[in-house]
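Asks: Numbering (our numbering), first residue to last: 1 to 172.
The beta carbon of each residue, even a glycine, is placed where N, CA and C say it ideally should be.
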Amino acid sequence: MATAIGLAWTSCGSAPSGCFRFAVASGRRRIAKAVDLLKFPLLRLDDWSNWARWFEAAGVTDPVLRGPLLNRASMPINAAIDGQGIALARTALAASDIISGRLIRPIDVSLGMQNTYWIVCPKAAAKTPKIVTFRNWLLAEAARDARRLRLKLSRDGEAGSGVADNDRSLSR
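Pasting the structure below:
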């Protein structure tokens, strides 16, 4: 079994949809409005397209985007924790840091991801007890993290959880 985008394999399931969104994460910086993010370095993994989509969803037109290009998914999260900028991070990857208080969600805008993670395995193995057990455990853990994240953000009065069905989001 693998967690990847499968081609010749069959899907054994996917994580709860809210687990895979892009959301702004800041190392304890309180930010009043989306446009205020432009005062800080914007941390990114690729071109500016996700940040441009995020600002569009937040109602900011023609933002001037600046910030470093990083090459590992964990780097923007770690840099945001260290106060080096604002990350646009996958909710699933930033959840433990938000739950622990190392990061906050300052703005209630998140983006649906164009790609997500799927649990895939050879079709013949999909109903094998060890595969079923592992899949069920993995999906339960993802759902548990999503619930803990919603609870943490609602308890702290921070901006949206990034996992609610009714948040301001943009899916393309």
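Buried or exposed: where does Ser100 fall if 16 or more other Cβ atoms within 10 Å of its Cβ makes it buried?
Replies: It counts as exposed.
Asks: Would you grab the beta carbon distance between Ile77 and Leu93 for me? Rounded to a whole angstrom, and I think it's under 8 Å.
Replies: Correct: roughly 6 Å between the Cβ atoms.
Asks: Measure the C-alpha to C-alpha separation of Leu37 and Leu151 and round it to an integer number of angstroms.
Replies: Taking the straight line joining both Cα atoms gives about 25 Å.
Asks: Can you tell me whether Ile107 is helix, strand or coil according to DSSP?
Replies: Reduced to three states, the DSSP call for Ile107 is coil.
Asks: Report yes if the CB atom of Leu153 is closer than 9 Å to the CB atom of Ile86, and no otherwise.
Replies: For Leu153 and Ile86, no; Cβs fall outside 9 Å.
Asks: Nearest by alpha-carbon distance to Met113: which of Leu65, Val120, Trp54, Phe40 is it?
Replies: For the residues Leu65, Val120, Trp54, Phe40, the minimum Cα distance to Met113 belongs to Trp54.
Asks: Kindly indicate which three-state DSSP category Ala87 falls into: helix, strand or coil?
Replies: Note: Ala87 maps to strand in three-state DSSP.
Asks: Assign Leu88 to one of two classes, buried (16 or more other C-beta atoms within 10 Å of its C-beta) or exposed (fewer than that).
Replies: When all chains shown are included, Leu88 counts as buried.
Asks: When DSSP labels each residue in this structure, what does Arg175 get in the three-state scheme?
Replies: Any question about residue 175 goes unanswered here, given that the chain covers just 1 to 172.
Asks: If you draw a straight line from the alpha carbon of Ala126 to that of Asp108, how long is it in whole angstroms?
Replies: Distance between the alpha carbons of Ala126 and Asp108 is about 38 Å.
Asks: Do the CB positions of Val35 and Pro63 come within less than 9 Å of each other?
Replies: In contact: Val35 and Pro63 (Cβ atoms closer than 9 Å).
Asks: Which value, in whole angstroms, describes the spacing of the CA atoms of Asn50 and Pro41?
Replies: Near 15 Å, if we compare the C-alpha coordinates of Pro41 and Asn50.
Asks: With a CB to CB cut of under 6 Å and the five nearest residues on each side skipped, what residues in its chain are close to Arg172?
Replies: Low per-residue confidence applies at Arg172: pLDDT is 27, beneath 50, and the placement is therefore not dependable enough to give any value.
Asks: How many Å lie between Arg148 and Trp48 at the Cα?
Replies: Between Arg148 and Trp48, the C-alpha separation is close to 30 Å.
Asks: Closest by CA to Ile98, which one among Leu45, Ile31, Glu141, Asp145?
Replies: If we check each option's Cα against that of Ile98, Asp145 comes out closest.
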